[in-house]
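The listed protein sequences correspond, in order, to chains A and B. Residue numbers 4 to 118, in this note's numbering, belong to the letters of the first sequence in order. Residue numbers 3 to 113, in this note's numbering, belong to the letters of the second sequence in order. No residue lacks a Cβ here, since even glycine has one placed at the ideal position from N, Cα and C. Report on one structure; see the data block that follows.
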Amino acid sequence: DTGVSQDPRHKITKRGQNVTFRCDPISEHNRLYWYRQTLGQGPEFLTYFQNEAQLEKSRLLSDRFSAERPKGSFSTLEIQRTEQGDSAMYLCASSFSGESNYGYTFGSGTRLTVV
Amino acid sequence: GNSVTQMEGPVTLSEEAFLTINCTYTATGYPSLFWYVQYPGEGLQLLLKATKADDKGSNKGFEATYRKETTSFHLEKGSVQVSDSAVYFCALRKGYNKLIFGAGTRLAVHP
Chain A
4 DTGVSQDPRH KITKRGQNVT FRCDPISEHN RLYWYRQTLG QGPEFLTYFQ NEAQLEKSRL
64 LSDRFSAERP KGSFSTLEIQ RTEQGDSAMY LCASSFSGES NYGYTFGSGT RLTVV
Chain B
3 GNSVTQMEGP VTLSEEAFLT INCTYTATGY PSLFWYVQYP GEGLQLLLKA TKADDKGSNK
63 GFEATYRKET TSFHLEKGSV QVSDSAVYFC ALRKGYNKLI FGAGTRLAVH P
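Here is the structure:
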């Protein structure tokens, strides 16, 4: 395990459809984060987990968004009834909670296009 | 609240030119500061960090100094290469909390 893996890399979906993304963090990392990045902007925080517990959710995360990390390992982010405004790069990152002064390790992201 | 402001891009330089990308932050207390780089089609990579005032982070010829008096963390490199072309993000983190990013600065280096 050499990094954070995200699947799929690209997803094109029709408006109104549901989509699900997966993130596999670095195995030793107990924290997992989801960010959203739109064109020309920096990543915006969505939510994070410590082990299986979802500890914080951004106000950006509407009721159509749900994230899970059932066994404290991989995580899924689901978007229901997608809208064109959901088109963005969804980034996953992981870290170890004992390393407060270090940044995260990011995955390559899932690019979502809603048509 | 906590926030990060970066200079707008794009920054266009010739190879071997000197680079400065400005970053200032707003935060209570003593955040840790980071620079991330994003190459085309890839995720973010940690470039360098500093965890307390006057610390200098450095990596791959890039460096940035944590200046608490000016709440700044400007990124510099003495001689850029074409391969440095990417988007650079300044970010801060308070303790164990989430990273907060600036909007990013695109750097284009031409031969």
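Since residue i and residue j are thought to touch, with beta carbons under 8 Å apart, how far apart are those beta carbons, to the nearest angstrom?
i	j	result
A/Thr85	A/Thr23	About 11 Å; that fails the 8 Å criterion.
A/Pro73	A/Glu55	6 Å
Strictly by DSSP, which residues pair up with residue i?
i	result
A/Gln44	Answer by DSSP bridge pairing: none, since A/Gln44 is not bridged.
A/Val117	A/Thr16
A/Asp10	A/Arg25
B/Gly59	B/Ala66
A/Leu49	None; A/Leu49 has no bridge partner.
Residues of chain B with CB under 8 Å from residue i, in chain order?
i	result
A/Tyr51	Lys100
A/Gly19	Per Cβ cutoff of 8 Å: no residues; A/Gly19 is ~28 Å from chain B at best.
A/Leu94	Gly45, Leu46
Mind listing the chain B neighbours of residue i? Cutoff is C-beta to C-beta under 7 Å, in chain order.
i	result
A/Tyr107	Leu101
A/Gly75	Those do not exist, as A/Gly75 stays about 17 Å from chain B at its closest Cβ, beyond 7 Å.
Which residues in chain A have a C-beta closer than 8 Å to the C-beta of residue i? List them in chain order.
i	result
B/Leu94	Per Cβ cutoff of 8 Å: no residues; B/Leu94 is ~10 Å from chain A at best.
B/Phe91	Gly45, Pro46
B/Glu44	Ser111
B/Ala105	Gly43, Gln44, Gly45
Give the DSSP-derived three-state secondary structure of residue i in the structure shown.
i	result
B/Gln8	strand
B/Val157	Residue 157 of chain B is absent from the model: chain B starts at 3 and stops at 113.
A/Gln87	helix
B/Phe118	Nothing can be reported for residue 118 of chain B, as the shown portion of chain B is limited to 3 through 113.
A/Glu81	strand
B/Tyr41	coil
B/Arg108	strand
A/Thr108	strand
A/Arg72	coil
B/Tyr32	coil
B/Ala19	coil
A/Arg62	coil
A/Ser30	coil
With a threshold of 7 Å on Cβ separation, who are the neighbours of residue i within its own chain once the five nearest residues in sequence on each side are excluded?
i	result
A/Ser100	Asn33, Arg34, Gln53
B/Lys54	Tyr32, Tyr68
B/Tyr38	Leu46, Gln47, Leu48, Leu49, Phe91, Ala93
Taking residue i as the query, report the chain A residues whose CB atoms sit under 9 Å from its CB, ordered along the chain.
i	result
B/Ala66	By Cβ distance, chain A contributes nothing, its closest Cβ being about 13 Å from B/Ala66, past 9 Å.
Kindly list the residues whose CB is nearer than 6 Å to the CB of residue i, restricted to its own chain and excluding five residues on each side of it in sequence; keep chain order.
i	result
B/Asn24	Met9, His76
A/Thr79	Thr23, Arg25, Glu71
Residue i versus chain B: which residues are under 9 Å apart at the beta carbon?
i	result
A/Leu115	Within chain B, no residue comes near A/Leu115; the closest Cβ sits about 15 Å away, beyond 9 Å.
Identify, in the order they occur along the chain, each residue of the same chain with its Cβ nearer than 8 Å to the Cβ of residue i, setting aside the five sequence neighbours on each side.
i	result
A/Arg18	Thr85, Glu86, Gln87, Val117, Val118
A/Leu63	Arg39, Glu47, Phe48, Leu49
Quick one: which residues of the segment 30 to 43 of chain A get their C-beta closer than 9 Å to a C-beta of chain D? List them in chain order.
-> In the displayed structure, chain D is absent; the protein chains listed are A and B.
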